[in-house]
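A.B. asks: I have a structure here, written as structure tokens, and I will follow up with some questions on it.
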Amino acid sequence: MEATHSDWHDPKHGWENGVQTKLPPSTANERLFGPIDMQYVPNSNWRRIPEVSAVTRFMIRRQFRHYFEPWELEYILSRFSRLTDFIYEPWPFEYTSIYLGPWERALIPTGMPETLKRLTIFQDSKQYLTERALQDRNYVSISPEYMSEFDFVDITKSTAQTSLTLDELSVSFYVDAMNFFEACEEEWTWDHLKSLSLTSSLLFRSIKGQDQRIDSLLLTAAKFLLRMPNLTTMVLWNGGTGEACGFIYTRTKHYAHITWQGTWDLEMSRQVLEAWEDVAKLHLVELRVRHECLKETIRSHGDAIFHLNLPCQVIEPTSFWQIRMEDAQGL
Numbered sequence: 001m002e003a004t005h006s007d008w009h010d011p012k013h014g015w016e017n018g019v020q021t022k023l024p025p026s027t028a029n030e031r032l033f034g035p036i037d038m039q040y041v042p043n044s045n046w047r048r049i050p051e052v053s054a055v056t057r058f059m060i061r062r063q064f065r066h067y068f069e070p071w072e073l074e075y076i077l078s079r080f081s082r083l084t085d086f087i088y089e090p091w092p093f094e095y096t097s098i099y100l101g102p103w104e105r106a107l108i109p110t111g112m113p114e115t116l117k118r119l120t121i122f123q124d125s126k127q128y129l130t131e132r133a134l135q136d137r138n139y140v141s142i143s144p145e146y147m148s149e150f151d152f153v154d155i156t157k158s159t160a161q162t163s164l165t166l167d168e169l170s171v172s173f174y175v176d177a178m179n180f181f182e183a184c185e186e187e188w189t190w191d192h193l194k195s196l197s198l199t200s201s202l203l204f205r206s207i208k209g210q211d212q213r214i215d216s217l218l219l220t221a222a223k224f225l226l227r228m229p230n231l232t233t234m235v236l237w238n239g240g241t242g243e244a245c246g247f248i249y250t251r252t253k254h255y256a257h258i259t260w261q262g263t264w265d266l267e268m269s270r271q272v273l274e275a276w277e278d279v280a281k282l283h284l285v286e287l288r289v290r291h292e293c294l295k296e297t298i299r300s301h302g303d304a305i306f307h308l309n310l311p312c313q314v315i316e317p318t319s320f321w322q323i324r325m326e327d328a329q330g331l
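The sequence shown: position 132 = 132 (full-length UniProt numbering), numbered continuously.
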């Protein structure tokens, strides 16, 4: 860890005289990140929750840390008859050693309330917790091939389907932007969607040939915007230690702006620029292109969000403050 905390002394959990000397045991993570079992049985009268009409905004912030089974979360949401906003900030399932089948790894349920208009999902993570999960022999995962197939067919598909009836959708570090677009069907149109924010692992410079892959992502995004007539804001971004970048589209009465900003520059191809010209022409506005360089130190995704100054909310403000405070303390 980068910082010391002289009053922290808990050898059992890896802290000695203010310095973290080893990773916490898996049992500690289990208590923090394990499931909350409501003992709800679908399609039964067991432990029924009364319907609540007063709640219009529901948040499960990162500090909750635990997770619900997807069918239990679906049931909870279904009891809010006037729910319009749902903010969910889960942690990776890898932080618990409990075996989870594919269906249990879905964060959002397949059925969302019809009243829902705005959905924000931000999957947080910590590098040292991820390392513990990968190193711990108690950690159990399903095969990569099975998980990959499930990602595309179920998790990403359900997220894409949910977007069809929303006004605003922001999904960070849960599904990849390219996978999201690939899960969409050709006949779909988004008549209500006004704001869309997604993260993508493609938006890191360190991989060879990445410019061509990013071009492909931006071309795909432009194609989908032609089927989102009311969209005025789209953000494709990523951030982590040492890197932050974002492709931002905004539309006003007279102009459409596309902005690339990041710790490194991207030279957009002529094909990409022409595709976004088509988006601007659809709305009879002029396209303007900007490039902005970030020179600030990026310690984590929290710093990335702060310095990118994204035009939409990708995380609940208090949670965002917590992340930046933890970064400042070296946690």
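Virtual Cβ for every residue (Gly too), placed ideally from N, Cα, C. Treat the numbers as computed from the prediction; the structure is a model and nothing was measured.
According to the Cβ coordinates, are residue 168 and residue 118 closer than 8 Å?
C.D. replies: The sequence position of residue 168 within the sequence shown is 168, counting from 1. The sequence position of residue 118 within the sequence shown is 118, counting from 1. The answer is yes: Cβ separation under 8 Å.
A.B. asks: Give a yes or no on whether the C-beta atoms belonging to residue 344 and residue 219 are separated by under 8 Å.
C.D. replies: Because the chain in this structure spans residues 1 to 331, residue 344 falls outside the shown range and cannot be described.
A.B. asks: Got a sec, what are the start and stop residues for the alpha helix (DSSP H) residue 78 sits in?
C.D. replies: In the sequence shown, counting from the first residue as 1, residue 78 sits at position 78. Taken as a continuous stretch (DSSP letters only), the alpha helix (DSSP H) holding residue 78 covers 70-78.
A.B. asks: Does DSSP classify residue 147 as helix, strand or coil?
C.D. replies: Within the sequence shown, the letter at position 147 stands for residue 147. For residue 147, the predicted structure reports a pLDDT of 42, less than 50, and the residue's modelled location is therefore unreliable. The matter cannot be settled from this model.
A.B. asks: Spatial neighbours of residue 63 within its chain, please: C-beta separation below 8 Å, excluding the five flanking residues on both sides.
C.D. replies: On the sequence shown, position 63 is the one that residue 63 refers to. Cβ neighbours of residue 63 beyond the five flanking positions: 319, 322.
A.B. asks: By the three-class DSSP mapping on this structure, what secondary structure does residue 305 have?
C.D. replies: Locating residue 305 in the sequence shown gives position 305, where the first residue counts as 1. Looking at residue 305 - three-state DSSP - the assignment turns out to be helix.
A.B. asks: Do the region 271-286 and the region 309-316 touch if we need at least three Cβ pairs shorter than 8 Å?
C.D. replies: no
A.B. asks: Measuring only the C-alpha atoms, how far is residue 78 from residue 35?
C.D. replies: Along the sequence shown, one-based indexing puts residue 78 at 78. Along the sequence shown, one-based indexing puts residue 35 at 35. Looking at the two C-alpha atoms, the distance is approximately 20 Å.
A.B. asks: Within the 8 Å Cβ cut-off, does residue 272 reach chain B?
C.D. replies: In summary, chain B is missing from the structure at hand, where a single protein chain is found.
A.B. asks: Excluding the 5 residues flanking residue 175 on each side, which residues of the same chain have their C-beta closer than 7 Å to its C-beta?
C.D. replies: Start at 1 with the first residue of the sequence shown, and residue 175 comes out as number 175. These residues qualify, in order along the chain: 155, 156, 159.
A.B. asks: Rounded to whole angstroms, what's the CA-CA distance from residue 13 to residue 223? Just pull it up for me.
C.D. replies: As a first step, residue 13 must be located in the sequence shown, where it is residue number 13. As a first step, residue 223 must be located in the sequence shown, where it is residue number 223. C-alpha of residue 13 to C-alpha of residue 223: approximately 50 Å in a straight line.
A.B. asks: Assuming residue 172 contacts residue 190 under a Cβ cut-off of 8 Å, what Cβ separation, rounded to an integer in Å, is found between them?
C.D. replies: Residue 172 sits at position 172 when you count from the first residue of the sequence shown. Residue 190 sits at position 190 when you count from the first residue of the sequence shown. Distance from residue 172 to residue 190 at the Cβ level is roughly 19 Å; contact not present, criterion being Cβ atoms closer than 8 Å.
A.B. asks: Just the C-alpha distance for residue 152 and residue 179, rounded to the nearest angstrom, thanks.
C.D. replies: Against the sequence shown, residue 152 aligns to sequence position 152. Against the sequence shown, residue 179 aligns to sequence position 179. Here the model assigns residue 152 a pLDDT of 49, short of 50, so the residue's position is not dependable, and the following value carries that caveat. C-alpha separation (whole angstroms): 7 Å.
A.B. asks: Which residue wins for smallest C-alpha separation from residue 60, given the options 25, 122, 292, 244?
C.D. replies: The residue you call residue 60 lines up with position 60 of the sequence shown. With distances taken between Cα atoms, residue 60 lies closest to 122.
A.B. asks: Once you ignore the five residues that flank residue 92 on each side, which residues in its own chain have a CB closer than 6 Å to its CB?
C.D. replies: By 1-based counting over the sequence shown, the position of residue 92 is 92. Beyond the five residues adjoining it in sequence on each side, residue 92 comes within less than 6 Å, by CB distance, of 125 in the same chain, given in chain order.
A.B. asks: Is it right to say residue 49 is buried, meaning 16 or more other beta carbons lie within 10 angstroms of its own, or is it exposed?
C.D. replies: Taking the first residue of the sequence shown as 1, we reach residue 49 at position 49. Counting Cβ neighbours within 10 Å, residue 49 comes out exposed, since fewer than 16 surround it.
A.B. asks: Residue 57: which of 66, 33, 84 sits nearest, CA to CA?
C.D. replies: Position 57 of the sequence shown holds residue 57. Here the closest residue by C-alpha is 84.
A.B. asks: From the DSSP output, which residues share a beta bridge with residue 119?
C.D. replies: As a first step, residue 119 must be located in the sequence shown, where it is residue number 119. Paired residue(s): 86, 169.
A.B. asks: Under the rule that 16 or more other beta-carbon atoms within 10 Å means buried, what is residue 230, buried or exposed?
C.D. replies: As a first step, residue 230 must be located in the sequence shown, where it is residue number 230. It is exposed - the Cβ of residue 230 has fewer than 16 other Cβ atoms within 10 Å.
A.B. asks: Does the separation of the CB atoms of residue 238 and residue 129 fall below 8 Å?
C.D. replies: Against the sequence shown, residue 238 aligns to sequence position 238. Against the sequence shown, residue 129 aligns to sequence position 129. No, the Cβ-Cβ distance between residue 238 and residue 129 is not below 8 Å.
A.B. asks: Residue 246 to residue 225, Cα distance in whole Å?
C.D. replies: Locating residue 246 in the sequence shown gives position 246, where the first residue counts as 1. Locating residue 225 in the sequence shown gives position 225, where the first residue counts as 1. So the alpha carbons of these two residues sit roughly 17 Å apart.
A.B. asks: Please state the DSSP three-state secondary structure of residue 215.
C.D. replies: Mapped onto the sequence shown, residue 215 falls at position 215. DSSP places residue 215 in helix when its eight states are reduced to three.
A.B. asks: If you follow the beta strand (DSSP E) that residue 195 is in, where does it begin and where does it stop?
C.D. replies: Numbered from 1 along the sequence shown, position 195 holds the residue referred to as residue 195. 195-199 is the extent of the beta strand (DSSP E) around residue 195.
A.B. asks: Given 7 Å as the limit, tell me if residue 13 has its C-beta closer than that to any heavy atom belonging to the ligand FAD.
C.D. replies: Looking at this structure, you won't find the ligand FAD or any other ligand, since it has none at all.
A.B. asks: Looking at C-beta atoms only, is the number of pairs between the region 192-207 and the region 279-296 that lie closer than 8 Å three or more?
C.D. replies: no
A.B. asks: Give the DSSP-derived three-state secondary structure of residue 13 in the structure shown.
C.D. replies: Translated into positions along the sequence shown, residue 13 becomes position 13. Here residue 13 sits in helix by DSSP.
A.B. asks: Relative to the alpha-carbon of residue 243, which residue among 70, 294, 325, 127 has its alpha-carbon at the smallest distance?
C.D. replies: Within the sequence shown, the letter at position 243 stands for residue 243. It is 294 whose Cα lies nearest to the Cα of residue 243.
A.B. asks: Taking the alpha carbon of residue 94 as the point to measure from, which residue in 32, 195, 53 has its own alpha carbon closest?
C.D. replies: Taking the sequence shown and counting its residues from 1, one reaches residue 94 at position 94. Answer by Cα proximity: 32.
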